[in-house]
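To keep things clear, I will list the structure first and then write my remarks on it.
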Amino acid sequence: MECKHFKEWLPVREPSDTASEKEARKHARTCSTCARLLAVDDELEKTLRNDFRRTEAPARLRTSVAMIAEEPPRLKRRPRWPWLAFPSAALPALALLLLVFWPLGQGLTSIESVARLAEKNHLAGYTMEFQAGAVMDVSAWFRGRLPFEVVRPDLSGRGFEFLGGRKCSLGEEDIAYLFYAKDGKRYSLFELDAEDVQVELLEDKIYRYPVRDCIVEIWKEANRVFVLVA
Ligand SMILES: [Zn+2]
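Each position in the sequence shown, counted from 1, maps to that position plus 1423 in the numbering used here.
Below, the structure written as structure tokens:
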């Protein structure tokens, strides 16, 4: 495996595909760039499985989401023309990884565009508009500033220190930017209204995209999309 193949493999990594996993690890032993990406990815995989996914949406929100789900699938009347199907190398995962893109609209039209914009934000050196200690109710702080309800994942019991947050943007969309730290590393968590992301994301699927030296993980929970950059 070479760097190019490694970087193609990483976003569609399936731990059950042991042959590819072995090839990738073999390459990482001889390539420091990919070794670093793999280490970050391993760490993120663990983090997402153990920490972020434990956060449940509040009961009231879950009820309203369930009710919306019984209505026609999408509230926005966007044409749903499949433009590009992005299959995994592993056939059983193909259905899971089938991303549908829309040809209309600007901005967050692909996993790649979301990931690249998030990485830019992560490295832009944004300052916090509020610090964790000063704001008890993060959802309330964002109310009136953003047109959707922001819910901060509580990760304090698992070594993640919540530092603060701010309003930010991703493409043309207003989003929440939450700052976290763990083991001296800085994590940027962006929270978006799922309606603003013009990519069909499946629940319970983590979309992983390497951008330069960062790894961007994107997942959807209820009516929000989270983008984590490490
Ligand atoms: Zn490499």
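We treat Cβ as the ideally placed atom computed from N, Cα and C, and that holds for glycine.
- Here Lys1643 is buried. Its C-beta has 16 or more other C-beta atoms within 10 Å.
- With fewer than 16 neighbouring CB atoms inside 10 Å of its own CB, Glu1626 falls in the exposed class.
- For Ala1604, the uninterrupted beta strand (DSSP E) segment begins and ends at Glu1596 to Lys1605.
- Between Leu1593 and Val1639, the CB-CB gap reaches or exceeds 8 Å.
- Residue environment analysis places Pro1576 among the buried positions, since at least 16 neighbouring C-beta atoms fall within 10 angstroms of its C-beta.
- For the pair Gly1588 and Glu1552, the CB atoms are nearer than the 8 Å cut-off.
- Ordered by chain, the residues meeting the criterion of a beta-carbon within less than 6 Å of a non-hydrogen atom of ligand 1 are Cys1426, Phe1429, His1450, Cys1454, Thr1456 and Cys1457.
- Take the alpha-carbon of Asn1646 and the one of Ile1598: they are about 13 Å apart.
- As the crow flies, the alpha-carbon of Arg1568 is around 38 Å from that of Glu1431.
- Here Pro1633 is buried, its C-beta having at least 16 other C-beta atoms within 10 Å.
- Under the three-state reduction of DSSP, Lys1590 is assigned to strand.
- Between Leu1531 and Val1622 the beta-carbon gap is near 7 Å, inside 8 Å, which marks them as a contact.
- Ranked by Cα distance from Leu1615, the options Pro1438, Lys1605, Tyr1603 and Glu1595 are led by Glu1595.
- Thr1456 and Lys1543 have their C-alpha atoms spaced approximately 19 Å apart.
- Secondary structure at Lys1445: helix, using DSSP grouped into helix, strand and coil.
- By the beta-carbon neighbour count (other beta carbons within 10 angstroms, threshold 16), Asp1636 is exposed.
- Each of Ala1451, Lys1628, Tyr1610 and Arg1436 was checked against the Cα of Glu1584, and the nearest Cα belongs to Tyr1610.
- Rounded to the nearest whole angstrom, the CA to CA distance from Leu1467 to Asp1560 is 27 Å.
- Judged by beta-carbon spacing, Leu1586 lies within the 8 Å limit of Tyr1603, meaning their Cβ atoms are closer than that value.
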